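Residue numbers (our numbering): 35 to 352.
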């Protein structure tokens, strides 16, 4: 995949060591929970591209959305004595002991969208701020009242942050009621959400919105809303800026109304650059934020034309 230019609005990645003289190249281990969705693929690619660009060798593993596979991958990286491990997403209960083991073995850890006690630096979108922006957009569209349903992925730290942020913001709007909290299926996210949304709309005919901690469920939900003839009555509010979601937001006939637009390639690249900074002995902050945008019906085309990650769909939507 082509290297993507990081936006000026994005957190600027510090210059890491670009050459290691006569020394052996550092070996960077990269583990991702799975490379199924657009966000995952871009973050995984960004991390590998940046590590290689900065002169490192890379040993990368795709966990294939299986907890036991990602755990095995990280244990393999420890056994291979990589110089540093970059973890992109993960299940908290299973991976934290393995990351503790890595640190005890003298292997530093940098993470992307996976906060835990053993990371030296976590790279992410400001999930608290971005999720709040999406929730408040929904509140405004609903006029501060109505029944809604949510989709989340329990056990993933970043998912829990976003889900908790939804609940926290809605404490200030007691006339908005969460009538259903669904767990998104992975894999098979879109068809599973489609079926769940149809059932929910029939059980709760006065349902007004669906909000999810990532875009994929809502791609199925928006189609279900259309098939039920409720496009004007029920809205979808997501997170990630998936290209398919962005095209749906552009469509006046779609129920997809808003999403937080992340820069996954930049997040992965920033995590890898930070890892090389650690190996170079440079101080790194406990957390780094990469910039985001909020896309709605009014500005989605502008964001597509601005963010480098949408190059492949620009010609299609303009």
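For every residue, glycine included, the Cβ atom is placed at its ideal position computed from N, Cα and C. Keep in mind it's a predicted model, so treat the numbers as computed, not measured.
Between residue 76 and residue 302, the CB-CB gap stays under 8 Å. Taking the C-beta atoms as reference points, residue 258 is found nearer than 8 Å to residue 228.
When secondary structure is reduced to three states using DSSP, residue 153 falls in the coil class, being assigned neither helix nor strand.
Within the model, the alpha-carbon separation for residue 95 versus residue 66 is close to 7 Å.
Distances from the alpha-carbon of residue 349 to those of 255, 69, 277 put 277 closest. Residue state for residue 257 is assigned as helix, using DSSP reduced to three classes. Residue state for residue 285 is assigned as coil, using DSSP reduced to three classes. DSSP places residue 96 inside the beta strand (DSSP E), whose first and last residues are 91–96. For residue 330, no alpha helix (DSSP H) encloses it; the enclosing beta strand (DSSP E) starts and ends at 327–330. Check the Cα spacing between residue 265 and each of 288, 151, 124: the tightest is with 288. By the Cβ criterion, the segment 161–170 is in contact with the segment 178–196, since at least three pairs of Cβ atoms, one from each stretch, lie closer than 8 Å. Proximity to residue 176 across 218, 155, 240 peaks at 240, based on C-alpha coordinates. Comparing C-alpha distances from residue 230 to each of 254, 319, 141 shows the shortest one belongs to 254. Counting along the chain, residue 213 sits inside no alpha helix (DSSP H); it lies in the beta strand (DSSP E) bounded by residues 210–217. When DSSP states are grouped into helix, strand and coil, residue 65 belongs to the strand group.
The C-alpha of residue 235 is placed about 12 Å away from the C-alpha of residue 256. When DSSP states are grouped into helix, strand and coil, residue 193 belongs to the helix group.
The beta carbons of residue 104 and residue 80 sit no closer together than 8 Å.
Among the bridge pairs identified by DSSP, residue 274 is matched with 295. In the pairwise beta carbon analysis, the segment 212–219 is classified as not touching the segment 144–155: fewer than three pairs are separated by under 8 Å. The distance from the Cβ of residue 294 to that of residue 273 is about 5 Å, consistent with a contact at the 8 Å cut-off.
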